[in-house]
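Note sheet for the following structure.
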Amino acid sequence: MPKPSIFSNNYDKQMKKRRRIIIMIIVAIVIVLGIIVSGAFKKLSSRNKSSNKENINKNVETNESKKVDDTKKVIPNKEQNNNKNYTVKLSNGTEIKLLYNIVNNEKEYIKVEPKDIKYTISPSKKYICLVEKETQKMILFDTNGNQKDITKNEYVSSSGQSFIKDNILKSNSNYIWCENPIFLNDDNIIYVSQLPWFNKADIKYVWKYTISSNNHVNNFDSVGEILGKDIQYGNLTQDGLKITVDGVEKNLTIPK
(Lines of atoms letter the chains of each structure in order from A; the text may use other names.)
(Lines give C-alpha, C1' and ligand atoms only; values in the text may rest on other atoms or scores of the structure.)
Protein backbone atom coordinates (compact mmCIF):
# COMPACT_ATOMS: atom_id res chain seq x y z
CA MET A 1 0.00 0.00 0.00
CA PRO A 2 1.63 3.40 -1.18
CA LYS A 3 2.22 5.98 1.48
CA PRO A 4 0.06 9.21 0.88
CA SER A 5 1.88 12.46 0.05
CA ILE A 6 2.19 14.93 2.92
CA PHE A 7 1.15 17.66 0.50
CA SER A 8 -2.19 15.99 -0.20
CA ASN A 9 -5.33 17.71 1.10
CA ASN A 10 -6.58 14.33 2.47
CA TYR A 11 -3.30 13.39 4.08
CA ASP A 12 -4.69 12.99 7.61
CA LYS A 13 -7.67 10.92 6.50
CA GLN A 14 -5.51 8.72 4.31
CA MET A 15 -3.02 8.15 7.16
CA LYS A 16 -5.83 7.18 9.56
CA LYS A 17 -7.25 4.80 6.96
CA ARG A 18 -3.80 3.38 6.33
CA ARG A 19 -3.26 2.77 10.05
CA ARG A 20 -6.65 1.03 10.38
CA ILE A 21 -5.84 -1.29 7.51
CA ILE A 22 -2.42 -2.14 9.01
CA ILE A 23 -4.02 -2.83 12.42
CA MET A 24 -6.68 -5.06 10.82
CA ILE A 25 -3.98 -7.00 8.94
CA ILE A 26 -1.98 -7.48 12.15
CA VAL A 27 -5.10 -8.62 14.06
CA ALA A 28 -5.97 -11.05 11.25
CA ILE A 29 -2.42 -12.47 11.33
CA VAL A 30 -2.60 -12.90 15.11
CA ILE A 31 -5.97 -14.67 14.85
CA VAL A 32 -4.71 -17.02 12.14
CA LEU A 33 -1.56 -17.80 14.13
CA GLY A 34 -3.71 -18.44 17.22
CA ILE A 35 -5.90 -20.87 15.31
CA ILE A 36 -2.86 -22.69 13.94
CA VAL A 37 -1.17 -22.95 17.33
CA SER A 38 -4.43 -24.06 19.02
CA GLY A 39 -4.90 -26.81 16.45
CA ALA A 40 -1.36 -28.00 16.96
CA PHE A 41 -1.88 -28.19 20.73
CA LYS A 42 -5.12 -30.12 20.29
CA LYS A 43 -3.42 -32.68 18.06
CA LEU A 44 -0.56 -33.04 20.53
CA SER A 45 -2.99 -33.41 23.45
CA SER A 46 -5.02 -35.98 21.53
CA ARG A 47 -1.88 -37.95 20.78
CA ASN A 48 -0.86 -37.86 24.45
CA LYS A 49 -4.33 -39.03 25.57
CA SER A 50 -4.29 -41.82 23.02
CA SER A 51 -0.83 -42.87 24.16
CA ASN A 52 -1.94 -42.83 27.80
CA LYS A 53 -5.01 -44.92 26.97
CA GLU A 54 -2.83 -47.44 25.16
CA ASN A 55 -0.48 -47.61 28.15
CA ILE A 56 -3.41 -48.02 30.55
CA ASN A 57 -4.91 -50.75 28.38
CA LYS A 58 -1.55 -52.49 28.22
CA ASN A 59 -1.22 -52.30 32.00
CA VAL A 60 -4.74 -53.65 32.44
CA GLU A 61 -4.03 -56.48 30.01
CA THR A 62 -0.77 -57.22 31.81
CA ASN A 63 -2.50 -57.26 35.20
CA GLU A 64 -5.29 -59.48 33.90
CA SER A 65 -2.70 -61.77 32.37
CA LYS A 66 -0.91 -61.95 35.71
CA LYS A 67 -4.20 -62.77 37.43
CA VAL A 68 -4.83 -65.58 34.96
CA ASP A 69 -1.29 -66.89 35.45
CA ASP A 70 -1.66 -66.68 39.23
CA THR A 71 -4.93 -68.60 38.99
CA LYS A 72 -3.24 -71.31 36.96
CA LYS A 73 -0.52 -71.58 39.61
CA VAL A 74 -2.99 -72.31 42.47
CA ILE A 75 -2.21 -75.83 43.73
CA PRO A 76 -5.38 -77.85 44.35
CA ASN A 77 -5.85 -79.16 47.86
CA LYS A 78 -5.16 -82.88 47.63
CA GLU A 79 -7.11 -83.57 50.81
CA GLN A 80 -10.18 -81.88 49.37
CA ASN A 81 -9.81 -83.79 46.10
CA ASN A 82 -9.11 -87.18 47.68
CA ASN A 83 -11.19 -87.00 50.83
CA LYS A 84 -14.32 -89.14 50.54
CA ASN A 85 -16.76 -90.73 52.96
CA TYR A 86 -19.38 -93.38 53.50
CA THR A 87 -22.57 -92.33 55.26
CA VAL A 88 -23.96 -95.23 57.28
CA LYS A 89 -26.74 -95.68 59.83
CA LEU A 90 -26.21 -97.73 62.96
CA SER A 91 -28.87 -100.03 64.43
CA ASN A 92 -29.65 -97.43 67.13
CA GLY A 93 -30.55 -94.89 64.40
CA THR A 94 -27.34 -92.85 64.65
CA GLU A 95 -26.01 -91.68 61.29
CA ILE A 96 -22.23 -91.48 60.99
CA LYS A 97 -19.63 -90.78 58.32
CA LEU A 98 -16.57 -92.92 57.67
CA LEU A 99 -13.98 -90.63 56.10
CA TYR A 100 -11.19 -92.03 53.94
CA ASN A 101 -8.51 -90.98 51.47
CA ILE A 102 -7.36 -92.61 48.24
CA VAL A 103 -3.65 -93.45 48.52
CA ASN A 104 -2.00 -95.33 45.64
CA ASN A 105 -5.49 -96.29 44.42
CA GLU A 106 -6.26 -97.84 47.83
CA LYS A 107 -8.83 -96.63 50.38
CA GLU A 108 -7.44 -95.63 53.77
CA TYR A 109 -9.72 -94.66 56.65
CA ILE A 110 -8.78 -91.46 58.47
CA LYS A 111 -11.59 -90.77 60.97
CA VAL A 112 -15.25 -91.08 61.94
CA GLU A 113 -17.73 -88.24 62.36
CA PRO A 114 -19.33 -86.97 64.54
CA LYS A 115 -16.45 -86.52 66.97
CA ASP A 116 -18.24 -88.00 69.98
CA ILE A 117 -18.19 -91.47 68.38
CA LYS A 118 -15.49 -93.69 69.93
CA TYR A 119 -13.80 -95.87 67.32
CA THR A 120 -10.55 -97.60 66.36
CA ILE A 121 -8.84 -97.86 62.95
CA SER A 122 -6.77 -100.90 61.99
CA PRO A 123 -3.00 -100.49 61.39
CA SER A 124 -3.52 -100.90 57.62
CA LYS A 125 -6.36 -98.34 57.78
CA LYS A 126 -8.65 -100.83 56.01
CA TYR A 127 -11.05 -101.42 58.90
CA ILE A 128 -12.95 -99.44 61.51
CA CYS A 129 -14.44 -100.85 64.70
CA LEU A 130 -16.80 -99.10 67.13
CA VAL A 131 -19.31 -99.89 69.87
CA GLU A 132 -22.84 -98.43 69.82
CA LYS A 133 -23.60 -96.60 73.06
CA GLU A 134 -27.11 -97.82 73.84
CA THR A 135 -27.02 -101.32 72.38
CA GLN A 136 -23.34 -102.10 73.11
CA LYS A 137 -23.10 -103.73 69.70
CA MET A 138 -19.56 -103.98 68.38
CA ILE A 139 -19.56 -103.15 64.66
CA LEU A 140 -16.79 -103.81 62.12
CA PHE A 141 -16.61 -101.81 58.86
CA ASP A 142 -14.60 -103.05 55.90
CA THR A 143 -12.88 -100.94 53.24
CA ASN A 144 -16.12 -100.63 51.23
CA GLY A 145 -18.16 -99.35 54.16
CA ASN A 146 -19.97 -102.65 54.73
CA GLN A 147 -20.79 -103.24 58.40
CA LYS A 148 -20.84 -106.47 60.37
CA ASP A 149 -22.07 -107.07 63.91
CA ILE A 150 -19.18 -108.87 65.64
CA THR A 151 -20.66 -108.71 69.17
CA LYS A 152 -20.52 -111.74 71.42
CA ASN A 153 -24.30 -111.79 71.76
CA GLU A 154 -24.37 -114.84 74.03
CA TYR A 155 -22.14 -116.04 76.82
CA VAL A 156 -22.29 -119.70 77.86
CA SER A 157 -20.86 -120.52 81.29
CA SER A 158 -18.78 -123.59 82.12
CA SER A 159 -21.95 -125.20 83.48
CA GLY A 160 -23.73 -124.67 80.16
CA GLN A 161 -25.96 -121.79 81.28
CA SER A 162 -26.69 -119.23 78.54
CA PHE A 163 -26.70 -115.46 79.07
CA ILE A 164 -28.08 -113.28 76.26
CA LYS A 165 -26.66 -109.76 75.90
CA ASP A 166 -29.98 -107.96 75.35
CA ASN A 167 -31.56 -109.67 78.36
CA ILE A 168 -28.65 -108.77 80.62
CA LEU A 169 -28.71 -105.11 79.52
CA LYS A 170 -32.48 -104.91 80.06
CA SER A 171 -32.10 -106.15 83.62
CA ASN A 172 -28.99 -104.04 84.28
CA SER A 173 -28.43 -101.02 82.02
CA ASN A 174 -25.12 -100.24 83.76
CA TYR A 175 -23.60 -103.59 82.87
CA ILE A 176 -20.58 -103.38 80.54
CA TRP A 177 -20.98 -106.05 77.87
CA CYS A 178 -18.30 -104.54 75.64
CA GLU A 179 -16.50 -101.19 75.36
CA ASN A 180 -13.25 -99.52 74.24
CA PRO A 181 -12.26 -101.62 71.20
CA ILE A 182 -8.72 -101.24 69.84
CA PHE A 183 -7.01 -103.06 66.97
CA LEU A 184 -4.09 -105.24 68.01
CA ASN A 185 -3.45 -105.91 64.32
CA ASP A 186 -5.64 -106.22 61.22
CA ASP A 187 -7.05 -109.56 62.42
CA ASN A 188 -7.43 -109.03 66.18
CA ILE A 189 -9.44 -106.51 68.20
CA ILE A 190 -9.04 -106.00 71.95
CA TYR A 191 -11.99 -104.78 74.05
CA VAL A 192 -13.13 -104.56 77.69
CA SER A 193 -16.09 -106.39 79.26
CA GLN A 194 -17.45 -107.45 82.65
CA LEU A 195 -17.91 -110.94 81.24
CA PRO A 196 -17.75 -113.65 82.47
CA TRP A 197 -19.14 -112.34 85.77
CA PHE A 198 -22.50 -110.66 86.41
CA ASN A 199 -22.16 -110.01 90.14
CA LYS A 200 -18.78 -108.22 90.23
CA ALA A 201 -19.63 -104.67 89.20
CA ASP A 202 -16.14 -103.27 89.81
CA ILE A 203 -14.15 -105.94 87.92
CA LYS A 204 -13.55 -105.82 84.15
CA TYR A 205 -11.75 -108.20 81.81
CA VAL A 206 -9.75 -107.80 78.61
CA TRP A 207 -11.18 -109.76 75.68
CA LYS A 208 -9.93 -110.42 72.16
CA TYR A 209 -11.95 -110.91 68.99
CA THR A 210 -10.29 -112.56 65.97
CA ILE A 211 -11.83 -111.52 62.65
CA SER A 212 -10.68 -114.50 60.57
CA SER A 213 -12.08 -117.09 63.03
CA ASN A 214 -14.99 -115.01 64.40
CA ASN A 215 -13.93 -116.05 67.89
CA HIS A 216 -13.94 -114.25 71.28
CA VAL A 217 -11.50 -115.22 74.07
CA ASN A 218 -10.48 -113.74 77.43
CA ASN A 219 -7.58 -116.05 78.23
CA PHE A 220 -4.27 -115.26 76.53
CA ASP A 221 -1.39 -117.66 75.99
CA SER A 222 1.25 -115.17 77.13
CA VAL A 223 -0.40 -113.63 80.22
CA GLY A 224 -3.56 -115.60 80.95
CA GLU A 225 -6.60 -113.55 82.04
CA ILE A 226 -6.22 -109.77 82.31
CA LEU A 227 -8.65 -108.28 84.84
CA GLY A 228 -8.94 -105.36 87.21
CA LYS A 229 -10.90 -102.30 88.26
CA ASP A 230 -9.02 -99.84 86.03
CA ILE A 231 -7.83 -100.93 82.57
CA GLN A 232 -5.93 -98.45 80.39
CA TYR A 233 -4.41 -99.01 76.94
CA GLY A 234 -0.85 -97.88 76.28
CA ASN A 235 1.20 -97.74 73.09
CA LEU A 236 0.79 -100.29 70.32
CA THR A 237 4.21 -101.45 69.11
CA GLN A 238 5.56 -104.24 66.93
CA ASP A 239 5.85 -106.38 70.06
CA GLY A 240 2.28 -105.84 71.20
CA LEU A 241 -0.07 -103.62 73.17
CA LYS A 242 0.90 -102.10 76.51
CA ILE A 243 -1.97 -102.42 78.99
CA THR A 244 -1.95 -100.92 82.48
CA VAL A 245 -4.23 -102.72 84.96
CA ASP A 246 -4.66 -101.06 88.35
CA GLY A 247 -1.28 -99.38 87.92
CA VAL A 248 0.55 -102.52 86.76
CA GLU A 249 1.80 -102.61 83.16
CA LYS A 250 1.33 -105.74 81.07
CA ASN A 251 2.32 -106.50 77.49
CA LEU A 252 -0.22 -108.25 75.29
CA THR A 253 1.76 -109.75 72.41
CA ILE A 254 0.53 -109.77 68.83
CA PRO A 255 -0.41 -113.25 67.57
CA LYS A 256 1.93 -114.53 64.87
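For the sequence shown, the UniProt record's numbering puts the final residue at 256, and the numbers step up evenly by one.
Using N, Cα and C, we set each Cβ at its ideal position, and we do this for glycine too.
- Under the 8 Å Cβ criterion, the segment 82-101 counts as touching the segment 125-140, having at least three qualifying pairs.
- Distance check between Asn199 and each of Phe141, Lys118, Ile168, Ile182 places Ile168 closest, using alpha-carbon atoms only.
- With respect to Lys165, Ile190 sits apart: the two C-beta atoms are not nearer than 8 Å.
- Note on geometry: alpha-carbon atoms of Val156 and Pro196 lie some 9 Å from one another.
- Below 8 Å, enough C-beta pairs join the segment 206-220 and the segment 145-152 to call them touching: three or more.
- Contact between Glu132 and Ser91 holds: CB atoms are separated by about 7 Å, below the 8 Å threshold.
- CA-CA distance, Glu106 to Glu225, rounds to 38 Å.
- Counting C-beta atoms within 10 angstroms of its own C-beta, Met138 has 16 or more neighbours from the protein chains shown and is therefore classed as buried.
- Taking C-beta separations shorter than 7 Å and ignoring five residues to either side along the sequence, the partners of Asn219 in its chain run Glu225, following chain order.
- The alpha-carbon of Thr120 is positioned some 23 Å away from that of Asn104.
- The Cβ neighbour count for Lys17, taken over all protein chains shown within 10 Å, is under 16; the residue is labelled exposed.
- From the listed residues Gln232, Tyr205, Val30, Gly240, the smallest Cα separation to Leu184 is found for Gly240.
- By the beta-carbon neighbour count (other beta carbons within 10 angstroms, threshold 16), Val248 is exposed.
- Relative to Tyr205, the option among Asn83, Thr244, Ile26 whose CA is nearest is Thr244.
- Judged by beta-carbon spacing, Asn180 lies within the 8 Å limit of Val192, meaning their Cβ atoms are closer than that value.
- By the criterion of a C-beta distance shorter than 8 Å, Gly145 is surrounded in its chain by Tyr86, Val88, Leu98, once the five residues flanking it on both sides are discounted.
- Nearest to Asn214 by alpha-carbon distance, out of Gly34, Tyr109, Lys111, Asn188, is Asn188.
- With respect to Lys250, Val223 sits close: the two C-beta atoms are nearer than 8 Å.
- Distance from the CA atom of Ser124 to the CA atom of Lys170, rounded to whole angstroms, is 37 Å.
- With a threshold of 16 other beta carbon atoms within 10 Å, Ser159 falls short and is exposed.
- Under the DSSP assignment, Leu169 falls in the alpha helix (DSSP H) whose first and last residues are 165-171.
- Selection Thr94, Ile102, Tyr109, Glu108 evaluated against Ile117 yields Thr94 as nearest (Cα-Cα).
- Using a Cβ distance threshold of 8 Å, Cys178 and Gln232 do not count as a contacting pair.
- Its chain contains Lys229 as the residues whose beta carbon lies nearer than 6 Å to that of Asp202, once the 5 sequence neighbours on both sides are disregarded; these appear in chain order.
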